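Student: The number in the working numbering is simply the position in the sequence shown, starting from 1, with 239 added. Backbone N, C-alpha and C fix where the C-beta goes; we use that ideal spot for every residue, glycine too. These numbers were taken from a predicted model, which means no experiment stands behind them. One structure coming up, written as structure tokens, with questions to follow.
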Amino acid sequence: MAPIPPAPQLSPAVYTEVFTYPDPSRPLNPSNPFGNAQRLAFLGDKIAGFVYVELMMKRWPRADTQQFTRDFHTLMERAVAAYQWAYQVHGPFPPNVNPYSPAEAHRIFFTYVGAVAASEGGDQRVKDWFIDLLRALS
């Protein structure tokens with residue numbers, strides 16, 4: 240296995256947004272593409288899923304959707320653990336949220352991917368990072 244690649248760099252302000260638990264009561268600033276972790280997670284979910292399936296269909300053209308889903312969840316959880324991102328999130332967490340659960344790992348991963356995708360050259364940066372992640376964690 241290759242060493243885990245560095246995550247794409249984010250500015251300090253964007254990094255803070257990614258690693259602050261989303262507060263749905265905070266007003267949305269539509270002119271700031273990084274100003275809402277929920278939007279970043281939504282964007283990241285779509286981009287990450289697309290990039291992952293695109294790369295995996297080339298690698299395993301006969302794999303079924305269940306295998307893609309299972310392996311994608313494992314990749315996200317392993318990446319969040321390797322980067323130790325769960326320990327970087329600032330609360331407060333709602334009482335029903337386990338900060339170290341698989342669901343929270345997925346949310347953190349999607350939020351980070353969304354922030355990278357919203358950055359300049361983001362789509363290609365996400366794809367290049369995923370190629371390196373797959374090499375390291377597969």
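Closer than 7 Å by C-beta to residue 352: which residues in its own chain qualify, once you throw out the five before and the five after it? Chain order, please.
Tutor: Correct list, in chain order: 283, 286, 287 and 365.
Student: Quick one: complete alpha helix (DSSP H) runs, 4+ long, within the stretch 302 to 327?
Tutor: For the stretch 302 to 327, whole alpha helix (DSSP H) runs of length 4 or above, ordered along the chain, are 304 to 322.
Student: Going by alpha carbons, who is nearest to residue 344 out of 323, 321, 293 and 316?
Tutor: Of 323, 321, 293 and 316, the residue nearest in Cα terms is 316.
Student: Would residue 356 be called buried (16 or more neighbouring beta carbons within 10 Å of its own) or exposed?
Tutor: Answer is buried; the Cβ neighbour count reaches 16.
Student: Once you ignore the five residues that flank residue 275 on each side, which residues in its own chain have a CB closer than 6 Å to its CB?
Tutor: Once the five neighbours on either side are set aside, the close Cβ partners of residue 275 are 267.
Student: Can you list, in chain order, the residues of its chain with a C-beta nearer than 8 Å to that of residue 259? Leave out the 5 residues immediately preceding and following it.
Tutor: Cβ within range, chain order: 276, 328 and 329.
Student: Can you list, in chain order, the residues of its chain whose CB lies under 8 Å from that of residue 306, leaving out five sequence neighbours each side?
Tutor: Answer for residue 306: 299, listed in chain order.
Student: Going along the chain, which residues of its own chain have a beta-carbon closer than 6 Å to the beta-carbon of residue 324, five neighbours each way excluded?
Tutor: So the qualifying residues of the chain are 347.
Student: Compare the C-alpha of residue 321 against each of 252, 255 and 372 and name the closest.
Tutor: The residue with the shortest Cα to Cα distance from residue 321 is 372.
Student: By a C-beta neighbour count over all protein chains shown, 10 Å radius and 16 as the cutoff for buried, is residue 293 buried or exposed?
Tutor: By the 10 Å Cβ count, residue 293 comes out exposed.
Student: Which value, in whole angstroms, describes the spacing of the CA atoms of residue 247 and residue 368?
Tutor: Using only the alpha carbons, I get a separation of about 7 Å.
Student: How would you write the range of the alpha helix (DSSP H) that residue 290 sits in, first residue to last?
Tutor: Per DSSP, residue 290 belongs to the alpha helix (DSSP H) from 276 to 298.
Student: What are the start and end residues of each continuous beta strand (DSSP E) run of 3 or more residues lying completely inside the stretch 246 to 274, in chain order?
Tutor: Whole beta strand (DSSP E) segments, 3+ residues: zero.
Student: Around the Cβ of residue 252, are there at least 16 other Cβ atoms within 10 angstroms (buried) or fewer (exposed)?
Tutor: By the 10 Å Cβ count, residue 252 comes out exposed.
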